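Numbering-wise, full-length UniProt numbering puts 9 at position 9 of the sequence shown, and it's gapless, one number per residue. Cβ coordinates follow ideal geometry from the N, Cα and C atoms, glycine included. As the structure is a prediction and not an experimental result, all values here were calculated from the model. Remarks on the structure that follows.
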Amino acid sequence: QDITILTDASDEGICAIDPAASRYLTYKFSPHDLELITAFHDGVANEFDINYRELLACAFAVLAWGPRWRQERAQAKTIHVHFRIDNTTAVSWQSKMAARNSRAQLLVRLLGAWELQFGLRFSSSHIPGTENTTADAGSRSHRLGFGSNRPVKTSTIRLNLHGIRHFFQASGLPFPSDHPQIRMLLSGLGRIDRPVQQKAPVSVALLEACFRALDLHDPADQALWGILCLAFFFVLRRSEIMATTTTTFRWFALKAEDITATNAAGVPTTDPRTASAVCIRLRGSKTNQNGAPTTRVLARSGHPTLCPVFGALLLLRARGNLPVSIPVAVFTDTRGVPSCVSAARVTSSLRHAAQQLGESPHKYSAHSLRAGGATHMYKAGVDALTIQFHGRWASDAFKLYTRLCTESVASVAAKMVSGATRPTTLQ
Numbered sequence: 001q002d003i004t005i006l007t008d009a010s011d012e013g014i015c016a017i018d019p020a021a022s023r024y025l026t027y028k029f030s031p032h033d034l035e036l037i038t039a040f041h042d043g044v045a046n047e048f049d050i051n052y053r054e055l056l057a058c059a060f061a062v063l064a065w066g067p068r069w070r071q072e073r074a075q076a077k078t079i080h081v082h083f084r085i086d087n088t089t090a091v092s093w094q095s096k097m098a099a100r101n102s103r104a105q106l107l108v109r110l111l112g113a114w115e116l117q118f119g120l121r122f123s124s125s126h127i128p129g130t131e132n133t134t135a136d137a138g139s140r141s142h143r144l145g146f147g148s149n150r151p152v153k154t155s156t157i158r159l160n161l162h163g164i165r166h167f168f169q170a171s172g173l174p175f176p177s178d179h180p181q182i183r184m185l186l187s188g189l190g191r192i193d194r195p196v197q198q199k200a201p202v203s204v205a206l207l208e209a210c211f212r213a214l215d216l217h218d219p220a221d222q223a224l225w226g227i228l229c230l231a232f233f234f235v236l237r238r239s240e241i242m243a244t245t246t247t248t249f250r251w252f253a254l255k256a257e258d259i260t261a262t263n264a265a266g267v268p269t270t271d272p273r274t275a276s277a278v279c280i281r282l283r284g285s286k287t288n289q290n291g292a293p294t295t296r297v298l299a300r301s302g303h304p305t306l307c308p309v310f311g312a313l314l315l316l317r318a319r320g321n322l323p324v325s326i327p328v329a330v331f332t333d334t335r336g337v338p339s340c341v342s343a344a345r346v347t348s349s350l351r352h353a354a355q356q357l358g359e360s361p362h363k364y365s366a367h368s369l370r371a372g373g374a375t376h377m378y379k380a381g382v383d384a385l386t387i388q389f390h391g392r393w394a395s396d397a398f399k400l401y402t403r404l405c406t407e408s409v410a411s412v413a414a415k416m417v418s419g420a421t422r423p424t425t426l427q
């Protein structure tokens, strides 16, 4: 080949490198592009996937450098350009000059037109991602923070400095993390930290909208509704009940053997006509790493569908004959194949429901269930100590999960002027 181009794409941008000519190009995705990427990750079939973006990097290189290649090699009848791509689907699309992805079809047609226009001949081969480090870094060069895709907070920098200082001191070496200039720098950086963007708490209306979109004849939807109910009513962290990735669970994730529905006499039952309460046993959590079990019990809510007992029974039913020793979020799908409810699926369900209600979907995530449970307990007048114990908060941090509600402030002004009008302070 006459020219070899290294390409890569990420969720932030694309990159193309011409090593022989010491040239490179990077492109940072626009806000609209980023919205398409986020929507694709949330389950929207917009075809703006990583395969398309990898092929886009190839087209990007030809558009920018095609005229220069022809000018620099004016005597050559045909110029062979070889792409090194770390995505096998993009390699296949380019090699066959065909794709089912409608966005990629446009790129294929453009590449074919540029072959004729500039006298080029394209080919491609796969390069392992571990070897494509330069182009990989280029496609992520617009990322803020190392691997975080957002500015690094001052508290994170401070903790890392303390960690480094510990290892230096253990080796008998000094590390000036307490130097006045470093303290002043951290103090200054703290002023430009962005405020914490908390996810909105789920409402009963939002959960009802989620339910209306489900088919309870499908085990996947049975399991999803069970997860939504238990996470909301028991104020669970996502790692305590659902898969944190597509197939990964934390060691303390709730298991089927840890959930029991009981009747009025306290006898275990799976009969929805007699079940009146549900008991769960949490073996650990993010803040309880020693594995001391915690038990929580709730009775029926009185709501026809949004109920911890109903959710628990559906969740157990969706499992089929799976072992009780595995996470309860694992179910048997319609093909008889084990699958699981992930945090991504929960987030997608909540955001879809938010769209149906005319709300911004990006305000919600799987974490909204815990915030929603705490907020609804607060709205219902449940005392702070019960909220703290029920949600297993070791400190007053639970107050950050509740949101101020209209009901709470409706009579505040009236109460402020209804007492004694003269000063009554003792000091």
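Given a threshold of 16 other Cβ atoms within 10 Å of its Cβ, counted over all protein chains shown, does residue i qualify as buried or as exposed?
i, result
"T386", "exposed"
"I259", "buried"
"K77", "exposed"
"Q222", "buried"
"E257", "exposed"
"D271", "exposed"
"L236", "buried"
"R68", "exposed"
"D49", "buried"
"V324", "exposed"
"F83", "buried"
"W65", "buried"
"D396", "exposed"
"L173", "exposed"
"T375", "buried"
"S171", "exposed"
"H166", "exposed"
"A380", "exposed"
"T347", "buried"
According to DSSP, what are the bridge partners of residue i?
i, result
"K379", "Answer by DSSP bridge pairing: none, since K379 is not bridged."
"residue 428", "Given that the chain is displayed from residue 1 to residue 427, the structure contains no residue 428 and the question cannot be resolved."
"P323", "P323 is not bridged to any residue."
"D8", "C15"
"L25", "A16"
"F40", "F40 pairs with nothing; no bridge assigned."
"N46", "For N46, which the question treats as bridged, DSSP gives no partner whatsoever."
"A243", "S342"
"N101", "DSSP output for N101 lists no bridge partner at all."
Any idea what DSSP makes of residue i, helix, strand or coil?
i, result
"C58", "helix"
"S92", "helix"
"I259", "strand"
"T332", "strand"
"A74", "coil"
"T353", "Per the sequence shown, the amino acid found at residue 353 is Ala instead of Thr. In the structure shown, A353 sits in a helix (DSSP, three-state: H, G or I)."
"P272", "coil"
"A277", "strand"
So, at 6 Å on beta carbons, what are the nonlocal neighbours of residue i in its own chain, with the 5 sequence-adjacent residues on each side left out?
i, result
"G226", "G311, L314, L315"
"L120", "I79, V81"
"P361", "R351, A354, Q355"
"L161", "S177"
"L25", "A16, A64"
"F168", "F175"
In its own chain, which residues sit with a C-beta less than 8 Å from the C-beta of residue i, not counting the 5 before and 5 after it?
i, result
"I164", "F175, S177"
Grab the span of the alpha helix (DSSP H) containing residue i for me, first residue to last.
i, result
"C340", "C340 -> not in any alpha helix (DSSP H); beta strand (DSSP E) instead, spanning 338 to 340."
"H390", "384 to 390"
"F252", "Counting along the chain, F252 falls outside any alpha helix (DSSP H), and DSSP gives it neither H nor E."
"V309", "308 to 318"
"P174", "Where P174 is concerned, there is no enclosing alpha helix (DSSP H), given that its DSSP letter is neither H nor E."
"P301", "The sequence shown places Ser at residue 301, rather than the Pro named in the question. No alpha helix (DSSP H) holds S301; DSSP gives it neither H nor E."
"T232", "The question names Thr, yet the displayed sequence has Phe at residue 232. Taken as a continuous stretch (DSSP letters only), the alpha helix (DSSP H) holding F232 covers 219 to 233."
"E208", "204 to 212"
"P180", "180 to 190"
Apart from the five residues on each side of it in sequence, which residues of its chain come closer than 7 Å, Cβ to Cβ, to residue i?
i, result
"V108", "W93, M97, A98, A99"
"L110", "A59"
"L214", "D221, L224, W225"
"N209", "The sequence as given places Ala at residue 209; Asn does not occur at that position. Hits under 7 Å: A353, Q356, L357."
"N263", "T269, T274, A275, S276"
"G138", "D8, C15, I17, Y24, T26"
What residue range does the beta strand (DSSP E) around residue i cover?
i, result
"C15", "13 to 18"
"I85", "79 to 85"
"H126", "120 to 126"
"T133", "No beta strand (DSSP E) holds T133; the alpha helix (DSSP H) holding it covers 133 to 139."
Is residue i close to chain C, meaning its C-beta is less than 8 Å from at least one C-beta of that chain?
i, result
"E208", "Given the protein chain composition of this structure (a single chain), no chain C is represented."
Is residue i near the ligand SAH, going by C-beta to nearest heavy atom under 7 Å?
i, result
"S339", "Here there are no bound small molecules, and the ligand SAH is not part of this structure."
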